[in-house]
Amino acid sequence: MTPQRLPLFVALALLVVTGATLGCAPRMARLPEPTDPAAAWAAMRRDSCAPPARPAMLAKGSLYYTRVLPARRTNRTQFTMWGDFHGPMRLDVSAGIGTSLAHIREDGDGLTIFHPEQKTAYTHADPVLGATRLGMPFPFSLAQLARVCAGDFAGLVPETYEQAEPGNNGFTYAVTHRLAHADGQAGTTDVRRIGLDRAGRPVLIEGTVAAAPDEGSAEARQTGGPLRRFWRLEINTYEKVASRPPLPGRLTLAMDDGEAGVLRITAREFKVAPWPPRATGLELPEGTRVYRLDGAAAPQEPGTPATHED
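Here the sequence shown is numbered in the UniProt record's numbering, starting from 1 and rising by one per residue.
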């Protein structure tokens with residue numbers, strides 16, 4: 001069975017952990033000298049690479065998605081996102097009240113996406129590769145995005161940069177950085193360019209991610225080179241919540257084929273304690289067809305047929 005393609009607006013929902021309250025973000029960067037890229041970089045490393053102060057989060061909002069190939073399409077969805085920074089993350093996406101599109105869960109065993117209307121679930125041990133197989137060429141795992149959108153960019157930013165130049169009303173830095181999996185092994189996502197504003201806050205991150213076999217550049221397919229997709233993440237606004245330092249407020253993710261989505265947060269908070277296991281679980285109804293996208297054995301439960309996808 002061919003996996004159902006999930007558009008980028010669903011992948012963008014993985015960004016929802018952005019913003020929060022009660023000291024959940026790193027300190028706001030002090031304004032470095034606008035002519036000193038080293039000072040801006042140091043401010044970013046100091047103030048935008050600290051872990052969230054709270055262990056868990058909850059966020060709600062809307063996503064606006066645009067696709068231009070093979071035909072132009074736009075869509076708006078709603079999401080609810082919750083989970084622990086050091087544990088499972090959940091995401092529910094809906095087209096409106098009572099119309100669920102997908103229930104998503106990520107944990108140490110990988111990614112599970114369940115479509116309630118089709119009673120079909122897809123799983124993969126690698127969240128990034130699994131999302132790519134389902135038509136979501138998203139460059140990060142849900143856990144990584146949770147930290148990024150809570151103001152912690154440590155997973156995306158190397159300690160040093162290679163070259164800097166003015167840009168983004170601040171500075172743009174060339175870097176070579178390969179993201180790591182949760183187990184410490186090298187991942188499939190590269191970061192190539194980082195843009196900071198004059199306060200040392202990230203406003204642009206660009207790079208490449210491994211493509212699905214039928215994607216990637218035409219040149220790569222013809223020459224047998226690695227299949228890569230280019231991605232661009234913009235932090236469009238930083239919003240101040242109560243008396244806390246500003247956090248990312250609106251984010252835009254764009255891919256090299258014109259697919260893009262805009263995330264807006266309508267409600268958000270960080271929790272003082274982790275979620276109970278039952279709150280972050282994803283129980284598949286009896287009769288759900290489970291498709292493993294990585295060739296591993298699907299989990300067996302009564303009444304749940306398992307299928308493999310090579």
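The beta carbon of each residue, even a glycine, is placed where N, CA and C say it ideally should be. Computed from a predicted model, the values in this text were never measured in an experiment.
Put simply, the backbone Cα of Thr188 is about 22 Å away from that of Tyr291. Note on Arg72: under 16 other CB atoms within 10 angstroms of its CB, so exposed under the neighbour-count rule. Going by beta carbons, Lys60 and Gly287 fall outside the 8 Å limit. In the same chain as Phe153, and ignoring 5 residues on each side of it, the C-beta atoms closer than 7 Å to its own belong to Ser48, Cys49, Pro202, in chain order.
The Cβ-Cβ distance between Val191 and Val209 does not fall below 8 Å. Counting every other CB atom within 10 Å of its CB across the protein chains shown gives Leu63 a total of 16 or more, marking it as buried. One alpha carbon belongs to Asn168, the other to Gly195, and they sit about 6 Å apart. In this structure, Asp84 places its C-beta atom within 8 Å of the C-beta atom of Pro55. Boundaries cannot be given for Asp183, as no beta strand (DSSP E) includes it and DSSP labels it neither H nor E. One thing to note: Ser141 has its Cβ within 8 Å of the Cβ of Val128.
Sorting Ile235, Gly258, Arg264 by C-alpha distance to the C-alpha of Arg67 places Gly258 at the top.
About 6 Å separates the Cβ atoms of Leu251 and Ile235, confirming a contact at the 8 Å cut-off. In the structure shown, Ala150 adopts coil according to DSSP, grouped into three states.
In the DSSP assignment, the residues bridged to Ala267 are Lys60. Distances from the alpha-carbon of Met89 to those of Gly200, Ala182, Gly295, Ala143 put Ala143 closest.
Residue pairing from DSSP places Phe114 in a beta bridge opposite His103, Ala121.
Boundaries of the alpha helix (DSSP H) around Asp47: 37-47. Per DSSP, Gly130 is not a residue of any beta strand (DSSP E); the alpha helix (DSSP H) it occupies stretches across 127-133. Rounded to the nearest angstrom, the gap between the Cα atoms of Ile104 and Phe79 is 11 Å. Pairing Arg45 with Gly155, the inter-Cα distance amounts to about 11 Å. Residue environment: Ile265 is assigned as buried (16 or more neighbouring CB atoms within 10 Å of its CB, all protein chains considered).
If you look at Pro277, you'll find it in the alpha helix (DSSP H) that goes 277-280. With a threshold of 16 other beta carbon atoms within 10 Å, Ile205 meets it and is buried. Considering only Met57, Glu106, Glu162, Pro70, the residue with the shortest C-alpha distance to Pro37 is Glu162. Straight-line measurement puts the Cα of Trp82 at about 9 Å from the Cα of Ala279.
DSSP places Ala143 within a helical segment (H, G or I) once states are collapsed to three. Taking a C-beta distance under 8 Å as the contact criterion, Leu111 and Gly130 qualify as a contact pair.
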